[in-house]
Amino acid sequence: MKIGVLKGNGIGPEITEAALRVVDACGLPIEWVNIPIAEEAIEKYGHPVPPESIAMLKDVKIAIKGPITVEKGKGRVTCIHDDGSEHVYPSFNNAIRRELELFVCPRPSRGIPGISGTHEKMDLIIMRELTEDVYSAIEHRIGDVAAECVKLVTRTAAERVARYAFDYARKYGRKKVTCVHKANAISIADGFFLECFNRVAAEYPDIESNDLFVDATTFYLVKKPEMFDVIVTTNQYGDILSDLCAGLVGSLGLGPGANIGFKGAVFEACHGSAPDIAGMGIANPTSLILSAALMLRHVGEERAAEAIETSTRAVLSEGKCLTRDLGGTASTREFTDAVIERLRGTLAGV
Ligand code: NAI
Ligand code: MG
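For what it's worth, the numbering used here labels the leading residue of the sequence shown as 1, then goes sequentially.
In C-alpha cells, the structure reads:
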C-alpha cells in the first residue's frame with residue numbers, strides 16, 4: 001500500500017515523523033512516498049503546489065500531511081492545469097484540497113479522561129464543507145478604499161456535505177446531525193445552506209436533525225457539549241469551531257482531521273504550523289497520530305486504527321508522559337515512544 005507524505009513546515013516535519021513511526025509500529029505493508037510541497041516543491045519544481053506533486057497525490061490517492069505556514073495577506077496561489085486553465089486558491093492548503101476535489105473535512109473531538117476536565121464526555125464530529133464559502137478566493141481590493149469577498153454556497157456542495165454527514169451518522173451509529181449557520185444575518189447564503197441541509201435531512205428520517213446559529217453554538221460547545229453528535233457547517237465556521245473543540249478537549253495538539261473526496265483523501269491535524277514552537281521538538285504529535293488512525297480506518301485497517309487510538313488516549317489519561325501544551329515536560333519523541341510502547345502491548349493483546 002502506497003501512502004503519500006507531505007511533511008509541511010514549522011512543526012510539520014516533527015509531528016509527521018512521529019505519526020509515521022506510530023503507524024510503522026503496527027507492522028502494516030505501507031510504502032511511504034514523499035511528495036514535495038511548499039519550500040521543497042519550490043526548490044524542486046518552482047511552484048509551492050506544483051502539478052507534479054498533485055499528480056503524485058492523485059496516483060497514491062491517500063496521504064498524510066503536516067501543516068503549512070501561510071503568510072498573512074500572501075496566501076493566494078494559482079495552479080495551472082494541463083489545458084492551460086488557471087485556478088486561484090486562497091492558500092497552499094486550500095489548493096491541495098481543491099485540486100484533489102476533497103469536499104468534506106471531518107474533525108472528531110472526543111474528551112480524554114484526566115485531560116479534558118468538564119469536557120471529558122464530549123464526543124462529536126464536525127463535518128466542515130471544504131470547497132467554497134468565503135474561501136473560494138473570489139475577493140478583491142477596490143483601490144485603497146475597500147475590499148470585497150464573496151461567500152459562495154452552491155446546492156451541489158451544501159447537499160453533498162449534508163449527505164456525507166447523514167451517511168456517516170448511519171454508518172457509525174451517531175444519533176443526531178446539527179446544521180450550524182448564521183441564517184439570520186446572512187439570510188440568503190447561509191439560509192440556502194440550511195435549506196439544502198433540510199432537504200437532505202428529510203431523506204434520513206431515522207437520524208434526528210436540528211440547526212443552530214454559529215454564535216450560540218460556541219456557547220453551547222463550552223457549556224453543554226453533550227448537545228452535539230455530528231455537526232455540519234460551512235467552511236469558515238467549521239474552521240473556527242474545530243479549533244475551539246480541540247481547545248475544549250485540552251489542546252490544539254489534540255485535534256485530528258481528514259480531507260475526504262470521492263477520489264482520494266488527505267489526513268492532517270486541525271492546527272497550523274505552530275511557528276512559536278517549531279524546531280524545538282516539543283510539539284504534541286497526538287493530532288497527527290490520531291489523524292493517521294483516521295487514515296488507517298479509511299483504508300480498512302480498523303484494528304490498527306483502534307489500537308493507535310486506544311494506546312494514545314491511554315498514555316494521555318495516565319498523565320505520566322505529557323507534552324508541554326498539556327502541562328508536562330515530555331518531548332515529541334518521548335511522548336511518541338510512550339505511545340509506541342503502549343501500542344505494541346495493545347497489538348500483542350497485553
Ligand atoms: P497554530 O495552530 O499553528 O498555533 C496556535 C497555537 O497552538 C500556538 O501557540 C501553537 O504553539 C499551538 N499549537 C498548535 N499545534 C500544536 C501542537 N501540535 N502541539 C503543541 N502546541 C500546538 O496557529 P497559528 O499560529 O495561527 O498559525 C501558524 C501558521 O499555520 C499560519 O501560517 C497559518 O496560516 C498556518 N495554518 C496552516 C494550516 C494547515 O496547514 N492546514 C491550518 C491552520 C493554520
Ligand atoms: Mg484552521
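Glycine included, each C-beta is placed from N, C-alpha and C at the ideal position. Note that the coordinates shown come from a computational prediction; the quantities given were computed from them, not determined experimentally.
DSSP state of residue i mapped onto helix, strand, coil
{"i": "Tyr-89", "result": "strand"}
{"i": "Asp-133", "result": "strand"}
{"i": "Glu-31", "result": "strand"}
{"i": "Ile-42", "result": "helix"}
{"i": "Ala-55", "result": "helix"}
{"i": "Lys-223", "result": "helix"}
{"i": "Val-77", "result": "strand"}
{"i": "Ala-258", "result": "strand"}
{"i": "Ala-265", "result": "strand"}
{"i": "His-47", "result": "coil"}
{"i": "Asn-210", "result": "strand"}
{"i": "His-119", "result": "helix"}
{"i": "Val-70", "result": "coil"}
{"i": "Leu-322", "result": "coil"}
{"i": "Leu-102", "result": "strand"}
{"i": "Thr-178", "result": "strand"}
{"i": "Ile-62", "result": "strand"}
{"i": "Ser-251", "result": "coil"}
{"i": "Gly-8", "result": "coil"}
{"i": "Ile-289", "result": "helix"}
{"i": "Thr-218", "result": "helix"}
{"i": "Ala-305", "result": "helix"}
{"i": "Pro-36", "result": "coil"}
{"i": "Tyr-204", "result": "coil"}
{"i": "Ala-162", "result": "helix"}
{"i": "Gly-345", "result": "helix"}
{"i": "Asp-276", "result": "coil"}
{"i": "Val-23", "result": "helix"}
{"i": "Cys-245", "result": "helix"}
{"i": "Gly-300", "result": "coil"}
{"i": "Val-350", "result": "coil"}
Residues bridged to residue i [DSSP beta-bridge criterion]
{"i": "Ser-109", "result": "Leu-124"}
{"i": "Lys-2", "result": "Glu-31"}
{"i": "Cys-437", "result": "Because residue 437 is not part of the residues shown, which for the chain are 1 to 350, the question remains open."}
{"i": "Lys-171", "result": "Beta-bridge pairing links Lys-171 to no other residue."}
{"i": "Ile-240", "result": "Beta-bridge pairing links Ile-240 to no other residue."}
{"i": "Ile-231", "result": "Ile-126 and Thr-178"}
{"i": "Ala-330", "result": "Thr-323"}
Classification of residue i by the beta-carbon crowding that lies within 10 angstroms, buried from 16 upward
{"i": "Tyr-135", "result": "buried"}
{"i": "Ile-3", "result": "buried"}
{"i": "Met-295", "result": "buried"}
{"i": "Glu-309", "result": "buried"}
{"i": "Ala-274", "result": "buried"}
{"i": "His-81", "result": "exposed"}
{"i": "Ala-338", "result": "buried"}
{"i": "Gly-173", "result": "exposed"}
{"i": "Val-153", "result": "buried"}
{"i": "Ile-15", "result": "buried"}
{"i": "Ile-188", "result": "exposed"}
{"i": "Gly-327", "result": "exposed"}
{"i": "Gly-66", "result": "buried"}
{"i": "Thr-312", "result": "buried"}
{"i": "Ala-147", "result": "exposed"}
{"i": "Glu-203", "result": "exposed"}
{"i": "Ala-158", "result": "buried"}
{"i": "Pro-225", "result": "buried"}
{"i": "Glu-431", "result": "Summary: the structure shown does not reach residue 431, with the chain confined to residues 1 through 350, and so no result is reported for it."}
{"i": "Arg-170", "result": "exposed"}
{"i": "Asp-215", "result": "exposed"}
{"i": "Ala-55", "result": "exposed"}
{"i": "His-140", "result": "exposed"}
{"i": "Asp-167", "result": "exposed"}
{"i": "Asp-190", "result": "buried"}
{"i": "Lys-44", "result": "exposed"}
Closer than 8 Å to chain C by CB, residue i
{"i": "His-87", "result": "Although the question refers to chain C, the structure presented lacks it and comprises just one protein chain."}
Rounded distance between the beta-carbons of residue j and residue i, thought under 8 Å
{"i": "Gly-238", "j": "Arg-128", "result": "3 Å"}
{"i": "Asn-210", "j": "Thr-178", "result": "5 Å"}
{"i": "Thr-258", "j": "Cys-105", "result": "It should be pointed out that residue 258 corresponds to Ala in this sequence rather than to Thr. Indeed, because the Cβ distance is near 7 Å, the residues count as touching under 8 Å."}
{"i": "Gly-247", "j": "Thr-323", "result": "That belief does not hold up - the Cβ atoms of Gly-247 and Thr-323 are roughly 15 Å apart, past 8 Å."}
{"i": "Asn-9", "j": "Ala-38", "result": "6 Å"}
{"i": "Leu-241", "j": "Thr-233", "result": "7 Å"}
{"i": "Gly-264", "j": "Leu-57", "result": "7 Å"}
{"i": "Ser-251", "j": "Ala-269", "result": "The pair is not a contact, with the Cβ atoms about 11 Å apart (cut-off 8 Å)."}
{"i": "Glu-306", "j": "Cys-321", "result": "In fact, because the Cβ distance is near 21 Å, the residues do not count as touching under 8 Å."}
field: Residue list, Cβ distance to the ligand NAI heavy atoms smaller than 5 Å
entry: Pro-67, Ile-68, Thr-69, Val-70, Asn-93, Leu-252, Gly-253, His-271, Gly-272, Ser-273, Ala-274, Asp-276, Ile-277, Ala-283, Asn-284 and Asp-325
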